[in-house]
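Participant:
Numbering (my numbering), first residue to last: 211 to 386.
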């Protein structure tokens, strides 16, 4: 499903508008720095937990995001240059999302997005993504295993950020 073609307005503290630029290129997490709200609210475009978004056009074609947010204080809507997929109950959304982080997926995106002019992949093409799916239990085990690595990577990044801030503070106090 293609996203809403609404304009971004000032954040209203309740409704978050997710655009391609709001998804961090490396971590694939939502960037909460410059939140906006769509000027049109339509529940048809509201995200649910485990929905997967794909960028469909431009330099970001292929960028993916899995909606894991549990902050019930917000409503999340997705913009027009994104495509939403709801994964059926026979498959694990996190497993499918993890596949979008592989070199095999990136190669597929490069091949599929070749166009004259701007690169892009439409929803029908994404729906045909060649994906080997083990049974759901195996998908769950693999997804949980990889997710633990992602969580550890995030923790290490936070530790590095804290150490960099401490170093900056020490340098400032040393050279006043």
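Ideal Cβ placement from N, Cα and C applies to all residues, glycine included. Treat the numbers as computed from the prediction; the structure is a model and nothing was measured.
Can you check which of these residues, 219, 213, 277, 316, is closest to residue 247 by C-alpha distance?
Facilitator: 219
Participant: Short of 7 Å in beta carbon distance, which residues of its chain neighbour residue 304, apart from the five on each side in sequence? Order them along the chain.
Facilitator: Short of 7 Å from the beta carbon of residue 304, and not among the five residues preceding or following it, lie these beta carbons of its own chain, in chain order: 276, 353, 357.
Participant: Taking DSSP as the reference, what is the three-state secondary structure of residue 307?
Facilitator: helix
Participant: Report, in whole angstroms, the separation of the C-beta atoms of residue 333 and residue 310, which I expect to be a contact under 8 Å.
Facilitator: 15 Å between Cβ atoms; not a contact.
Participant: Taking all protein chains shown into account, decide if residue 294 is buried (16 or more other Cβ within 10 angstroms of its Cβ) or exposed.
Facilitator: By the 10 Å Cβ count, residue 294 comes out buried.
Participant: If you count every other CB in all the chains shown that lies within 10 Å of the CB of residue 242, and 16 or more means buried, which is it?
Facilitator: exposed
Participant: How many angstroms separate the CA atom of residue 302 from the CA atom of residue 373?
Facilitator: 36 Å
Participant: Can you tell me which of 360, 283, 320, 285 puts its alpha carbon nearest to the alpha carbon of residue 307?
Facilitator: 360
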